[in-house]
Structures are given as C-alpha cells and as structure tokens.
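Enquirer: Before we start, here is the structure in question, set down as structure tokens.
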Ligand SMILES: Nc1ncnc2c1ncn2[C@@H]1O[C@H](COP(=O)(O)OP(=O)(O)O)[C@@H](O)[C@H]1O
Ligand SMILES: [Mg+2]
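Residue numbers (my numbering), protein chains in the order written: chain A, 11 to 263; chain B, 286 to 589.
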C-alpha cells in the first residue's frame with residue numbers, strides 16, 4: 011500500500027450524542043482526484059475538519075503517508091503539505107488579490123515573526139504570485155480589493171492561494187458551490203489542470219463535475235460510507251440512487 | 286501627502302514646548318505612546334485587553350525602584366522598566382492568548398488586579414503612597430533631565446522611536462500575517478500560520494511598549510503610583526484608542542490628546558470630569574464608530 015497517501019481508520023466524531031462521522035475507513039490513493047459526495051448533513055465538512063484538525067476526533071486515527079497525524083495541530087498539518095479550502099469562501103477580504111496569494115507564499119520564507127523588517131521585502135514574491143493568478147485567470151484583478159470580486163472569482167482565488175503552498179494533498183470543500191454554469195466549467199478545468207502532480211480530495215455536490223474529474227468516489231450518508239468506487243459503479247448502486255432520490259438531490263447530476 | 290503630513294507633525298512636536306506647558310506636553314506624549322501600544326493589540330491584532338495598566342504601571346514602579354534604590358541612570362532605568370513589562374506581558378500572554386473575546390478580556394483584567402494588589406502590598410512599592418521623588422538624573426551621564434527642555438526632547442525622542450517601531454511592525458511581514466488573522470483566522474491557520482504564537486508576539490510587543498510609556502512617565506512626574514496600575518488606567522487607554530480610532534496609526538494619539546487635554550481643561554470641576562468624558566465616549570461610540578480619525582478618513586475617501 012505504498013501509494014496510499016491518506017488513510018483514516020474508524021474515524022468518528024460525536025457532537026453531544028449525535029454522531030456526525032461514524033467509523034469511516036477511507037483510503038486516498040496518491041495522484042488521484044478522490045470525490046466525497048453525499049446528501050446535506052452527511053458529515054462531509056465535519057470529516058474535512060477532522061482531517062485538518064479543526065475538530066478533534068472522538069475515536070479513530072488519521073494517517074498521512076503512513077504517519078499518524080491524529081494528534082497534530084492544524085498549522086502543523088499545513089506544514090506537512092495538506093492544505094484545505096473552505097465550504098464558505100475563505101479569502102482575506104480587505105487585502106488585494108495579489109496580497110492574498112502572497113500571504114500563502116510568504117509562509118515558506120519563514121518571516122512571519124519579523125516585525126522589524128519592512129514588508130517591501132515581500133515584493134520579491136510578486137512575480138510568483140502573479141503567475142499563480144494568471145493560472146486561474148485572475149491576472150488582471152491582481153490589484154483589486156478581494157471583497158469586490160465576483161463569487162466565482164473568489165473561489166478561484168482560494169484555489170490559487172491553496173496552490174501557492176504547493177500542497178501534496180489538496181482538500182477542497184465544494185469548490186463549485188454557488189457558481190454559475192460557466193464558472194463551474196472553468197473551475198473543473200482548473201482542478202483537472204492542477205491535479206497533475208498532486209492528490210486532491212474534494213467534496214462536491216455537482217455530479218457532473220464528479221463524473222468528469224473523479225478517479226474514485228466515496229458516498230457518505232449519515233456519517234458512514236455507503237458506497238465506494240469509480241463513477242460508473244457507484245452511480246449504478248441502487249442504495250446510492252435511493253439515497254440521492256431521498257434527498258431529492260439527483261437533479262444536480 | 287502622507288510623508289509631508291508626518292513631517293509637519295514631527296516639526297510641531299519639536300516646537301510644542303515653546304507653545305504648550307512642557308509637562309503637559311510630556312504627559313500627552315506618554316499617554317499617546319501608551320494608547321499606540323494598546324492599539325497595536327486592539328486595532329491590529331483584534332485582541333481586547335482589560336489589563337494594560339499592569340504593564341504601564343509595573344514598568345513605572347520598576348523604573349522608579351531601580352533609579353532610587355540601585356542608582357540606575359534614566360536610560361537603564363527605562364530599559365529595566367520596559368523589559369520587566371515585556372516579561373510580564375509574556376506571562377499574561379501565555380495564560381490568556383488561547384481564550385477568545387470576552388474571556389481573554391476577563392483574564393487580563395484578573396491578572397491586572399493581581400498586579401495591583403502586589404503593588405499595594407509588596408515592601409518596596411510604598412503602599413498607598415507609591416514611589417515618590419524618583420530622580421530624573423543625567424541621561425548618558427551628561428544630559429541633565431532636570432532641565433525641562435532636555436526632559437521634553439528625551440520624551441519626544443522615545444515617543445518618535447517607539448511610534449516608528451509600531452509603524453514598522455504594522456507594515457512588516459509580521460504585520461501582514463496579523464492582518465490576515467484579523468480578517469480570516471481559520472484561513473490563516475489552514476495556510477500553516479501558528480496563530481497563537483503570532484498573537485503572543487503581538488501581545489508581548491504591545492506590553493513592552495506600554496511599559497516604555499509607563500517608565501518614561503515615572504521619570505517625568507518622578508512618581509509611580511497605584512493609579513498607574515489600576516483598572517481606571519486600563520479603561521482610560523481603551524477609551525483613548527476607541528475615541529481616536531482603533532486600527533489607525535494616528536487615532537490613538539488623537540484620542541490620548543483629547544482625553545488628557547479634557548481632563549486638564551475640566552480639572553476645575555472635580556469628579557464631574559469622569560461623567561463628562563463618559564458621556565463623550567458614549568456619544569462617540571454611538572455616532573462615530575470608527576473614532577475621530579477613522580471617520581475623518583472615511584469622509585476624506587468619499588470626497589475624492
Ligand atoms: N460543531 C457542531 N456541533 C454540532 N453539530 C454539528 C457541528 N458541526 C456539524 N454538525 C452536525 O453534523 C452534521 C454533519 O454536518 P456537515 O459535516 O456540515 O455536513 P455536510 O458538509 O455533509 O453537509 C449535521 O447534522 C450538522 O448539523
Ligand atoms: Mg458541508
């Protein structure tokens with residue numbers, strides 16, 4: 011199992027008696043785009059929060075490249091090369107678009123505590139930040155205040171900021187949520203492009219996106235795994251169809 | 286425009302003692318520095334401390350003590366007070382920084398009460414009287430600080446140096462991360478920043494500079510008293526910062542000048558001062574949420 015980058019064993023999270031994630035055993039293969047789907051409230055975001063240590067699991071363990079990371083702090087996870095995005099757009103609203111990306115690039119310079127130096131030293135990162143912005147089609151918005159961007163562009167900026175850290179494993183929580191069809195197409199293309207030399211685990215409601223992108227799909231329902239496998243298999247699974255019909259979510263496809 | 290503006294202020298500061306009573310000017314500068322230090326925490330890190338008088342006051346006591354008992358000169362006296370405040374800031378910070386919002390404020394207030402109690406009870410603090418007759422001494426062995434102008438320019442130099450450091454901190458790589466944390470803390474964490482350590486550093490810096498302000502004030506007035514470590518002083522610096530406009534560099538200076546100036550102007554009418562300042566504060570918070578400087582800045586931006 012050398013090519014398994016992330017593994018969870020019996021991962022469980024209870025919120026005062028309510029089990030949001032229930033004994034999940036998941037393996038993500040290196041280089042894959044792995045999609046996590048399931049009706050609203052299935053526990054997908056909670057699962058992400060467990061992986062990135064924003065929540066502490068009630069039970070079970072998490073292994074990244076064979077190493078137990080269950081007890082680590084969220085910032086340490088990022089240092090290992092696991093970077094997440096958030097379901098609710100996570101940008102720094104009053105900074106410029108360029109500054110958003112630069113803030114991610116800055117971390118690797120190791121100057122976070124240098125209060126005595128001028129921030130003009132960060133200008134050396136501008137070219138790199140610009141290149142990342144061009145990559146996601148935001149080049150001409152570099153100097154805009156982030157707050158003013160359209161929603162789809164904010165999500166693209168989020169991906170650029172995540173990519174700035176060159177993560178080995180990217181966790182994307184519903185990257186196309188709330189986007190118009192055009193932006194969905196662009197984002198799908200973007201994710202495919204950046205997936206070349208990394209692993210992506212993404213939560214996605216849009217089954218169209220999932221079917222074009224995902225190498226492997228895990229269906230979550232009430233906190234537990236309902237089905238797993240490639241799109242062709244999973245989409246024909248009667249239980250999955252049932253679950254999706256039940257949640258009247260099938261129109262998304 | 287920006288640079289010219291600061292140069293004008295600098296020149297005004299140089300000329301001030303010829304127009305305003307120097308002791309008042311020095312008091313204004315000490316409190317302005319205190320408010321600027323506080324603003325580094327509240328305005329730029331988003332942390333509300335109710336206990337900042339602990340740093341201001343304890344530095345005053347330490348400076349007073351080493352200058353009266355150990356014959357320290359004014360420079361090493363201020364350094365000692367400042368370092369003590371920084372160390373105390375580290376202790377407060379380690380205990381409080383993991384807490385959020387009102388819990389953070391309450392812990393800092395509780396710790397400040399302990400410092401107040403110690404200042405009252407410890408053998409070398411002079412109890413109710415505080416420390417009196419702290420010598421101003423000779424700066425670097427040859428500048429006699431008993432000369433009002435020498436004292437004034439020393440205070441002014443300290444103020445300018447500290448203000449520059451705050452300005453630099455705000456516009457540093459560290460300042461960028463602070464800003465990011467204030468704008469979206471979970472995102473900053475997910476990018477790998479150790480948010481607690483960053484906040485702790487901001488807290489220690491703020492405490493240290495608040496200490497410089499207190500240490501300087503103890504030399505100017507030649508006293509260190511219980512008022513300096515009391516929660517009234519903590520409240521007063523919050524008022525100055527909010528009134529002037531938190532998160533702006535100039536705001537705390539304007540706020541400190543307004544509050545200290547009003548206290549002087551209205552000192553004739555006794556305890557009503559507190560009531561009047563309280564009312565002004567309520568009006569300001571209700572009508573101009575961004576403080577004096579924040580509101581002017583907004584009008585300025587609008588008119589262009
Ligand atoms: N902090 C929390 N406290 C209590 N319940 C929570 C908390 N976070 C999530 N939940 C519950 O856990 C369930 C799963 O939520 P979530 O992980 O957000 O689902 P999804 O992302 O799949 O839509 C929901 O029923 C939600 O109400
Ligand atoms: Mg969710």
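Here a beta-carbon is modelled for each residue, glycine too, at the ideal position from N, C-alpha and C. Keep in mind that this is a model prediction, so the values were computed, not measured.
Relative to chain B, which residues along the segment 121-139 of chain A have a C-beta separation below 9 Å, given in chain order?
Expert: 121, 122, 123, 124, 125, 126, 127, 128, 129, 130, 131 and 132
Enquirer: Measure the C-alpha to C-alpha separation of residue 491/B and residue 88/A and round it to an integer number of angstroms.
Expert: 29 Å
Enquirer: Under the three-state reduction of DSSP, which class applies to residue 432/B: helix, strand or coil?
Expert: coil
Enquirer: Under 8 Å Cβ to Cβ from residue 228/A, same chain only, skipping five residues before and after it: list those, please.
Expert: 36, 44, 45, 46, 47, 235, 237 and 238
Enquirer: Applying a beta-carbon distance threshold of less than 8 Å, which residues of chain B neighbour residue 22/A?
Expert: Those do not exist, as residue 22/A stays about 23 Å from chain B at its closest Cβ, beyond 8 Å.
Enquirer: Alpha carbon to alpha carbon, how far is residue 348/B from residue 365/B? Give it in angstroms, no decimals.
Expert: 6 Å
Enquirer: Might you give, ordered along the chain, the residues of its own chain that have their beta carbon closer than 7 Å to the beta carbon of residue 412/B, omitting 5 neighbours on each side?
Expert: 405
Enquirer: Could you give the C-beta distance for residue 1/A and residue 461/B, rounded to a whole number, given that I count them as a contact under 8 Å?
Expert: Summary: the structure shown does not reach residue 1/A, with chain A confined to residues 11 through 263, and so no result is reported for it.
Enquirer: If I follow the unbroken alpha helix (DSSP H) through residue 215/A, where does it start and stop?
Expert: No alpha helix (DSSP H) contains residue 215/A, which DSSP labels as neither H nor E.
Enquirer: Please list, in chain order, all residues with a C-beta atom less than 7 Å from at least one heavy atom of ligand 2.
Expert: 54/A, 55/A, 97/A, 183/A, 184/A and 213/A
Enquirer: Looking only at C-alpha atoms, which of 327/B, 330/B, 334/B and 471/B sits nearest to residue 85/A?
Expert: 471/B
Enquirer: At a Cβ threshold of 8 Å, is residue 383/B touching chain A?
Expert: no
Enquirer: Check whether chain B comes within 8 Å of residue 94/A, counting only Cβ atoms and requiring the distance to be less than that.
Expert: yes
Enquirer: Can you confirm whether residue 456/B, when its beta carbon is compared against all beta carbons of chain A, has any partner nearer than 8 Å?
Expert: yes
Enquirer: Return yes when the C-beta of residue 32/A is under 7 Å from any heavy atom of ligand 1, and no when it is not.
Expert: no
Enquirer: Can we count residue 390/B as close to ligand 1, meaning its CB is less than 7 Å from some heavy atom?
Expert: Not so, every heavy atom of ligand 1 lies at least 7 Å from the Cβ.
Enquirer: Is residue 52/A a contact residue of ligand 1, with contact defined as CB to any heavy atom under 7 Å?
Expert: yes
Enquirer: I want to see whether chain A comes within less than 8 Å of residue 329/B, judged by CB atoms only; does it?
Expert: no
Enquirer: Please decide whether residue 18/A counts as near chain B, where near means a Cβ-Cβ distance under 8 Å.
Expert: no
Enquirer: Taking only beta-carbon positions, decide if residue 479/B is within less than 8 Å of chain A.
Expert: yes
Enquirer: Rounded to the nearest angstrom, what separates residue 586/B and residue 574/B at their Cα positions?
Expert: Each residue's CA atom was taken as its position, placing residue 586/B and residue 574/B some 16 Å apart.
Enquirer: If you check the beta carbons only, do residue 18/A and residue 72/A fall under 8 Å apart?
Expert: Remark: C-beta atoms of residue 18/A and residue 72/A approach each other more closely than 8 Å.
Enquirer: Is DSSP giving residue 245/A helix, strand or coil here?
Expert: It is helical.
Enquirer: Looking at chain B, is there any beta carbon in it that lies within less than 8 Å of the beta carbon of residue 185/A?
Expert: no
Enquirer: For the beta strand (DSSP E) holding residue 105/A, just list the boundary residues, first then last.
Expert: From DSSP, residue 105/A is part of no beta strand (DSSP E); its letter is neither H nor E.
Enquirer: How would you label residue 250/A, buried or exposed, when you count the other beta carbons within 10 angstroms and need 16 or more for buried?
Expert: buried
Enquirer: So is residue 23/A buried or exposed if we call it buried at 16+ other beta carbons inside 10 Å?
Expert: buried
Enquirer: Alpha carbons only, please: which of 29/A, 41/A and 59/A is nearest the one belonging to residue 213/A?
Expert: The residue among 29/A, 41/A and 59/A with its C-alpha nearest the C-alpha of residue 213/A is 59/A.
Enquirer: Going by DSSP, what residue range makes up the alpha helix (DSSP H) through residue 145/A?
Expert: 136-145
Enquirer: Hey, is residue 142/A's beta-carbon within less than 8 Å of any beta-carbon in chain B?
Expert: no
Enquirer: Can you determine whether any heavy atom of ligand 1 sits closer than 7 Å to the C-beta of residue 28/A, and answer yes or no?
Expert: yes
Enquirer: Whole angstroms is fine: what's the gap from residue 316/B's alpha carbon to residue 428/B's?
Expert: 24 Å
Enquirer: Which one of 392/B, 421/B, 373/B and 541/B has the shortest CA to CA distance from residue 528/B?
Expert: 541/B
Enquirer: I'd like the list of long-range same chain contacts for residue 116/A, defined as Cβ closer than 8 Å, with 5 residues on each side in sequence excluded.
Expert: 122, 132 and 135
Enquirer: What does DSSP give as the partner residues of residue 71/A in its beta bridges?
Expert: 19/A
Enquirer: So which residues of chain A does residue 475/B contact, with C-beta pairs closer than 7 Å?
Expert: 62, 84, 88, 93 and 94
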